[in-house]
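Engineer:
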């Protein structure tokens, strides 16, 4: 069955992931050839800095002319691990135009404009695979696109950013503040020098957009995702969570509305019960729950980042794209037929945990409770703590639309007896 | 893009899973059509007892002539949910011969003779999909066959039988004995009237054979899988495990040997540390760890049985098989190129927890320790407990070949001072 003409692979980017892809392609060449039905040949590697010595790569293959590489008509599959919007978008588009399939780990680009990429792939009869864009080697994209293709997914809820999980885990176990935990994450290589994409939730929001899109067969873009990072999470929030039997996680949540006609996608810190399996996801690990009508609740867990795990996902997709080339077949294209509306955060139904710094005098609780009632928000529990003449009110609500909860908090801020809203955090996973 | 000619589906078997497949095909017809690119049509349902009223199924479609149904040349995909070796094998083979692809949940048949089925499918250019054969809707077959196709899987370890997990979970939480826990499982519908396939480990062993085969690209059959059920697990074993900070689970373990040249597959009860994620898998849930060279350690968790979850897996495969029909493509075939040797249990390297009933006199420990040393088995811990003039020795070994451990136990039984070997259990997951 083995054909002799090798499949030619062009690699765009040769950083941590790219060099690992090259290493595996070389060390496991025989296995990959047997699984594909044809040998793989690394036909070119586009880099920004040509001078560096790259172990295991013939210098003759290295080029700074990425455009020239993807314009070659002999390339079967282009692997894009540069990241970012441009030049990645132009290079992928050019690759499709020249008949190549594309494997990418580019979450930002897919979340920004995945549909256009899918359309271009479709037009040129090429494949677009992107398992590596979400949670590295944890299979999520393929299970959602294929394994659950006969089911109805109602919810995807998970920890999809390792950096922020590491920071929150450290804050929880050591009592450290955010800055201290971030410093540790940076020192250990879990956070980048500029941690914005992780700590402000952009990375997780891009993944949420991708997951929501494939889960709900609807186009969901980064702008559709409500996003809050964890920079405002304080040691006091973590301590509050613990008193409630909860822990704090940065969650990505994609949900179908109760009437089934719209979906929401959001990323924000939330309290979840310690008994929830996501509460046991420590360090930089990722874990995602998928709730489907027939399948029930499935969980996927593993390392969500890193050169080798991301390369594993890239190689799995590379084998799939190459098998298709050998068989003259195509993998699944974009599935966005459902075209459900993406609702704003205000329509999400959730619960709030609110800490208020209040004047310690009679009638305060009544005032506060009235505000909640006026906004149609039902209170689950209230805990009052005295403190040096002041008092703290900790309120946990029942489920209500986020807009009503936000309006409630705004109204509370205006009360004379409320000196400050110390923290607001959603409660999930119950 | 939608073509109008529907894809015709023949269903073999209309029990719990089959009727759920029909229900989903009907209630989600529009979604399935959009995802496939063509509508699905239920073309026939083969049953043993024709008289029963089957909700939502046109009686004209129901037949007892399964052979006639799969011989129809207009059938695109046959869904086999009868189970067992015959007539399932003949029906699937006939379906391939008449050009249909097959989706099956039949673990017994795949473990007995999957290779022949794959060969027949290959010969006739048809697809054979079987996600539902292992752990229902938990995606395992597709991730191993496709997502990890560019990686090297070294180990698969998991709980793949819900009935036995329910029984062991009950024994652990309530202190019940095996028979009492089995009765409860039967009463709640978690165990069948004849529980042999579950409690003797046949069901888990079939799944282990399937998982080992796809993980290691090697043919592994049911006979290759070492199998021990849980009928000998006692309340005392569970209590022993707890004293060690462990719990008892029926595990399926598929491993590549250290030199990479052979594999093993086994099912047996084992102690695992309470800190291991599998220790937290309760009730009838399933969970499987997959360890791969680049991906690291991945875990998949969910309901491993039941009509709806199994139907979800069947429908996912049905969509894949139908998409391939629409696109004139084929899914992945059998991948058994590695042809690694399957080693017997004696070569598995593991640890034993052994409880010995010994005479309470000086020199016993020395005698026992000598036996271990003579067999090259290193002792990790020994705990001695006096009891009414007798004594108990609880020995936990370091890792050693199973054959050496077995020989050690045989020699211990022959010692005059050893009155009995109260329990032997392997220790895994450390």
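Chains as they are written, first to last, in my numbering: chain S, 146 to 575; chain C, 146 to 575.
Glycine included, each C-beta is placed from N, C-alpha and C at the ideal position.
When the distance is taken between beta carbons, is residue 225 of chain C closer than 8 Å to residue 249 of chain C?
Structural biologist: yes
Engineer: Nearest-angstrom Cα distance between residue 548 of chain C and residue 517 of chain C?
Structural biologist: 13 Å
Engineer: Three or more C-beta pairs closer than 8 Å, one from the segment 486-504 of chain C and one from the segment 283-303 of chain C: is that the case here?
Structural biologist: no
Engineer: Give me the chain S residues within the contact set of residue 276 of chain C, using Cβ-Cβ distance strictly less than 8 Å, ordered along the chain.
Structural biologist: Neighbours of residue 276 of chain C on chain S, chain order: 292.
Engineer: Do the segment 340-359 of chain S and the segment 299-317 of chain S touch if we need at least three Cβ pairs shorter than 8 Å?
Structural biologist: yes
Engineer: Could you tell me whether any Cβ in chain C is nearer than 8 Å to the Cβ of residue 302 of chain S?
Structural biologist: no
Engineer: Name, please, each residue of chain C whose Cβ falls closer than 8 Å to the Cβ of residue 365 of chain S.
Structural biologist: Under the 8 Å cutoff, chain C gives no residues; its nearest Cβ is about 17 Å from residue 365 of chain S.
Engineer: Quick check: the segment 538-545 of chain C against the segment 490-509 of chain C, are at least 3 beta-carbon pairs closer than 8 Å?
Structural biologist: yes
Engineer: Am I right that residue 522 of chain S and residue 550 of chain S are in contact with their C-beta atoms under 8 Å? What's the rounded C-beta distance?
Structural biologist: 6 Å
Engineer: Look at the alpha carbon of residue 391 of chain C and the alpha carbon of residue 420 of chain C, and state the distance between them as a whole number of angstroms.
Structural biologist: Residue 391 of chain C and residue 420 of chain C have their alpha carbons spaced roughly 8 Å apart.
Engineer: Between residue 95 of chain S and residue 568 of chain S, how many whole angstroms is the CB-CB distance? I'm expecting something under 8 Å.
Structural biologist: Nothing can be reported for residue 95 of chain S: it is not among the residues displayed for chain S, which extend from 146 to 575.
Engineer: Could you tell me how far apart the beta carbons of residue 396 of chain S and residue 413 of chain S are, in whole angstroms, since I believe they sit closer than 8 Å?
Structural biologist: 7 Å
Engineer: Using the Cα positions of residue 162 of chain C and residue 455 of chain C, report the straight-line distance between them to the nearest angstrom.
Structural biologist: 6 Å
Engineer: Give a yes or no on whether 8 Å exceeds the smallest Cβ distance from residue 234 of chain C to chain S.
Structural biologist: Look at residue 234 of chain C: its C-beta is not under 8 Å from any C-beta on chain S.
Engineer: CB-CB under 8 Å to residue 245 of chain S, same chain, minus the five flanking residues each way: which ones, in chain order?
Structural biologist: 155, 215, 220, 221, 222, 223 and 271
Engineer: Please tell me whether residue 155 of chain C has its Cβ less than 8 Å away from any Cβ of chain S.
Structural biologist: The beta-carbon of residue 155 of chain C is placed no less than 8 Å from the nearest beta-carbon of chain S.
Engineer: So, is residue 324 of chain C buried or exposed, given that buried needs 16 or more other C-beta atoms within 10 angstroms?
Structural biologist: exposed
Engineer: Tell me which same chain residues have a C-beta within less than 6 Å of the C-beta of residue 398 of chain S, skipping the five on either side of it?
Structural biologist: 302 and 411
Engineer: With 8 Å set as the bound, which would you pick, yes or no: does the beta-carbon of residue 463 of chain S sit closer than that to a beta-carbon of chain C?
Structural biologist: yes
Engineer: Starting from residue 392 of chain C, follow the beta strand (DSSP E) in both directions and report where the run begins and ends.
Structural biologist: 391-401
Engineer: Pull up the distance between the alpha-carbon of residue 316 of chain C and that of residue 354 of chain C, whole angstroms please.
Structural biologist: 28 Å
Engineer: Under 7 Å Cβ to Cβ from residue 230 of chain S, same chain only, skipping five residues before and after it: list those, please.
Structural biologist: 253, 254 and 257
Engineer: Only counting the same chain, and skipping five residues up and downstream in sequence, which positions put a Cβ closer than 8 Å to that of residue 556 of chain C?
Structural biologist: The beta carbon of residue 556 of chain C sits closer than 8 Å to those of 516, 519 and 520, all from its chain and outside the five residues before and after it, given in chain order.
Engineer: Report back the beta-carbon spacing between residue 269 of chain C and residue 242 of chain C to the nearest angstrom; my notes put them in contact at under 8 Å.
Structural biologist: 6 Å
Engineer: In whole angstroms, give me the CA-to-CA distance for residue 435 of chain S and residue 357 of chain S.
Structural biologist: Each residue's alpha carbon lies about 11 Å from the other.
Engineer: For the beta strand (DSSP E) containing residue 409 of chain C, list its first residue and its last residue.
Structural biologist: 407-418
Engineer: Quick check: is the beta carbon of residue 442 of chain C nearer than 8 Å to any beta carbon in chain S?
Structural biologist: By this cut-off, residue 442 of chain C is an interface position.
Engineer: Can you tell me whether residue 516 of chain S is helix, strand or coil according to DSSP?
Structural biologist: helix
Engineer: Determine the burial state of residue 332 of chain C: buried for a count of at least 16 other Cβ atoms within 10 Å of its Cβ, exposed for fewer.
Structural biologist: exposed
Engineer: On the criterion of 16 or more Cβ atoms from any shown chain inside 10 Å, does residue 195 of chain C qualify as buried, or is it exposed?
Structural biologist: exposed
Engineer: Taking the Cβ atom as the reference point for each residue, do residue 283 of chain S and residue 375 of chain S lie within a distance shorter than 8 Å?
Structural biologist: no
Engineer: Does any residue of chain S bring its CB to less than 8 Å from the CB of residue 342 of chain C?
Structural biologist: no
Engineer: Between which two residues does the beta strand (DSSP E) containing residue 437 of chain S stretch?
Structural biologist: Counting along the chain, the unbroken beta strand (DSSP E) around residue 437 of chain S starts and ends at 430-437.
Engineer: Assuming residue 447 of chain S and residue 440 of chain C are in contact, meaning their beta carbons sit under 8 Å apart, how far apart are those beta carbons, in whole angstroms?
Structural biologist: 7 Å
Engineer: For the alpha helix (DSSP H) containing residue 329 of chain S, list its first residue and its last residue.
Structural biologist: That run of the alpha helix (DSSP H) goes 323-332.
Engineer: Given a cut-off of 8 Å on the beta-carbon distance, is the pair residue 415 of chain S and residue 573 of chain S in contact?
Structural biologist: Their beta carbons are under 8 Å apart, which means residue 415 of chain S touches residue 573 of chain S by this criterion.
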